[in-house]
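A short worksheet on the structure shown next.
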Amino acid sequence: METIVPANEHILVVDDDEHFRKSLVALLKDEGYSVAAASSGPAALKTISETHVDLIVSDLVMQPMSGTQLLTEVKRTFPELQMILMTGHGSIQNAVEAMREGACDYLTKPFKNDELVIRVRRALQEKRKSEELERLRAVVETTYSFGNIVSQNDKMRQAFKLIRQVAETDVTVLILGETGTGKELVAKAIHFNSPRRENPLITINCSAIPENLLESELFGHEKGSFTGASRQRIGKFEEASGGTVFLDEIADIPLQVQTKLLRFLQEKQIDRIGNNTSIVVDTRVVAATNRNLSEMVRDGTFREDLYYRLNVFPITLPPLRDRLDDIPLLAEYFLKKHQLPNRQRVDGLSPSVIHDMMNYEWRGNVRELENLIKRAMIKTEGSTIIEIDLPFRPEGHTSEAPLELPSTTKVPYKKYLDNVVRDAEEKFLLRALKESKGNLNQAARMMDIDRKTIYRKIDEYKIDVTKFRE
17 METIVPANEH ILVVDDDEHF RKSLVALLKD EGYSVAAASS GPAALKTISE THVDLIVSDL
77 VMQPMSGTQL LTEVKRTFPE LQMILMTGHG SIQNAVEAMR EGACDYLTKP FKNDELVIRV
137 RRALQEKRKS EELERLRAVV ETTYSFGNIV SQNDKMRQAF KLIRQVAETD VTVLILGETG
197 TGKELVAKAI HFNSPRRENP LITINCSAIP ENLLESELFG HEKGSFTGAS RQRIGKFEEA
257 SGGTVFLDEI ADIPLQVQTK LLRFLQEKQI DRIGNNTSIV VDTRVVAATN RNLSEMVRDG
317 TFREDLYYRL NVFPITLPPL RDRLDDIPLL AEYFLKKHQL PNRQRVDGLS PSVIHDMMNY
377 EWRGNVRELE NLIKRAMIKT EGSTIIEIDL PFRPEGHTSE APLELPSTTK VPYKKYLDNV
437 VRDAEEKFLL RALKESKGNL NQAARMMDID RKTIYRKIDE YKIDVTKFRE
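Numbering (the working numbering), first residue to last: 17 to 486.
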């Protein structure tokens, strides 16, 4: 198979033997590389200071600067730049010592052309892998940093504190919360802020895998262990060894699989289906559910001992309706995240849209908010979203009579948010008074506040309660 050489890879050949140097340049150019040449160490340093170089192929014995001295200078100035050294038989020990100093390979003269090409390809391939790893690390740090779990809410800040505390440990974590609250994002934050971050994070949605296949998916099976097992399969716990397995919807695993999961949590051992030999696996478990596991324990559908093994360090995520102060912040974040290419930039929401969102119950939580923002951005023709497809509009509100709230571009964000929250609070209080027909005890229960607070709010917003009792 023909090897495809990236067109932007540049090699510098350094050798004081002109004939040998020119032959190497010709060879590497024939292989598709961009090649420059230098007759000495100082000339090589001048070249790499002026042009981009991916790899240096250098002789070891040169004057006035040896290949070892060139290596030292290169590593001091360009520590990521790799070198292959060429040496005669009498200097092999020097070449080995140079590798200890940072050379990536060496060749003994005379060598075959194919041998040099193979070493060059290998060195550049390792360089590409290293660069890709660094790129992925940068993506991970950007995507899963705590700063991107967007919130200024006190309940979420408490969750952040717990994530930081548990991430550096190997403790099993149970993430609790309604659908769409961001449980998987928290699991990723735990893994990528832990010592296991360089190893795999494997996510399993336990509700999405048929019951008869889940055990094999998690723990693996041997060839011929059941009908259809045509080959050996490594389970996710083995595959994630050294890393983390995230078991989403843990409440949906059948009792038989619960037993094997319990054994793993107790002993860090698994058995593939069809194999009675235990395998020790170093894998951390993070689990999540939107169901009440303690009730399932009482019902007999979830093992009590497994529940306590999973519930070592619980983290509960609040629903969006309990963190309404985050809605403007989340909306701004999703606007930036989902800008559409080749479309006018959408960078704001009208006050009436924010009012609608602050009065919506958000059964789908943050995931529902993100999806509605994405849909609204597609449908919006201007730079501001003036309508959003919520299942209802608050009573008495029309798009023709938007709220008189300050623009985000004219006042500080904090003041804008305070106004939005106050308006939503007043509307919610009015709705509770209307539905309770002015019964303050009932309205307080609906709002989950005490009578003292509801009296204070009624006075603060100058509401005439008697009109709701007519």
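We put the CB at the ideal spot given by N, CA and C, even for glycine.
Item: Under the three-state DSSP convention, the category Gln79 falls into; Value: coil
Item: Pro344: first and last residue of the uninterrupted alpha helix (DSSP H) it sits in; Value: Ile343 to Lys353
Item: Cβ neighbour criterion (16 or more within 10 Å) applied to Asp264; Value: buried
Item: Pairwise C-alpha distance: Thr93 and Leu140; Value: 20 Å
Item: At least 3 beta-carbon pairs within less than 8 Å: the segment 264-275 vs the segment 209-229; Value: yes
Item: Contact set for Ile474: own chain, Cβ-Cβ below 7 Å, skip 5 residues either direction; Value: Val481
Item: Gln168 and Leu351 closer than 8 Å at C-beta; Value: no
Item: Nearest-angstrom beta carbon gap, Trp378 and Glu384 [assumed within contact, 8 Å]; Value: 6 Å
Item: Buried or exposed by the 16-neighbour rule on C-beta atoms within 10 Å, applied to Arg361; Value: exposed
Item: Where Phe318 sits in the DSSP three-state scheme; Value: coil
Item: Contact between the segment 304-316 and the segment 185-199 (3+ Cβ pairs under 8 Å); Value: yes
Item: According to DSSP, residues forming a beta bridge with Arg467; Value: According to DSSP, which records beta bridges pairwise, Arg467 is partnered with nothing at all.
Item: Start-to-end residues for the beta strand (DSSP E) that takes in Phe242; Value: Counting along the chain, Phe242 falls outside any beta strand (DSSP E), and DSSP gives it neither H nor E.
Item: Three-state class that DSSP yields for Tyr122 in the structure shown; Value: strand
Item: Phe484 versus Asp186 - alpha carbon distance; Value: 56 Å
Item: Residue range of the unbroken beta strand (DSSP E) whose run includes Leu263; Value: Thr260 to Asp264
Item: Nearest residue (CA-CA) to Met81, options Ala54, Val69 and Gln98; Value: Ala54
Item: Residues bridged to Pro525 (per DSSP); Value: In the structure as shown, the chain starts at 17 and stops at 486, and residue 525 therefore has no counterpart that could be examined.
Item: Residues bridged to Arg300 [DSSP beta-bridge criterion]; Value: Thr260
Item: Selection from Ser74, His35, Ala59 and Pro58 that minimises the alpha carbon distance to Val29; Value: Ser74
Item: Alpha-carbon spacing of His354 relative to Ser232, whole angstroms; Value: 38 Å
Item: Burial state of Ser368 (16 or more Cβ within 10 Å); Value: buried
Item: Stretch-stretch touch, CB-based, cutoff 8 Å, three pairs: the segment 329-340 with the segment 270-290; Value: no
Item: Phe208 classed as buried or exposed, judged by whether at least 16 other C-beta atoms fall within 10 angstroms; Value: buried
Item: Contact check, Leu230 vs Val297, beta carbons under 8 Å; Value: no
Item: Minimum C-alpha distance to Glu255 - residue among Leu406, Glu117 and Thr299; Value: Thr299
Item: Arg359, buried or exposed, once every other Cβ within 10 Å from all chains shown has been counted against 16; Value: exposed
Item: Separation of Gly258 from Ile218, as counted between CA atoms; Value: 11 Å
Item: Identity of the residue in Asn375, Ile404 and Gln458 nearest Val437 by Cα; Value: Asn375
Item: Residue span of the alpha helix (DSSP H) that contains Thr67, given as start and end; Value: Careful: Thr67 lies outside any alpha helix (DSSP H) and carries neither H nor E.
Item: Rounded distance between the beta-carbons of Leu123 and Ile165, thought under 8 Å; Value: Contact doesn't hold; Cβ gap of about 51 Å is too wide.
Item: Cβ distance (whole Å) where Phe262 is taken to contact Ala205 below 8 Å; Value: With 8 Å as the limit, Phe262 and Ala205 do not qualify as a contact, their Cβ atoms being about 11 Å apart.
Item: Straight-line gap, Gly198 to Ile394 (C-alpha atoms, nearest Å); Value: 24 Å
Item: Simplified DSSP state of Arg182, which is helix, strand or coil; Value: Looking at the sequence provided, one finds Val at residue 182 rather than Arg. In this structure, Val182 counts as helix in the three-state DSSP scheme.
Item: Start and end residues, beta strand (DSSP E) containing Thr219; Value: Leu217 to Asn221
Item: Cβ distance (whole Å) where Leu278 is taken to contact Asp321 below 8 Å; Value: 6 Å
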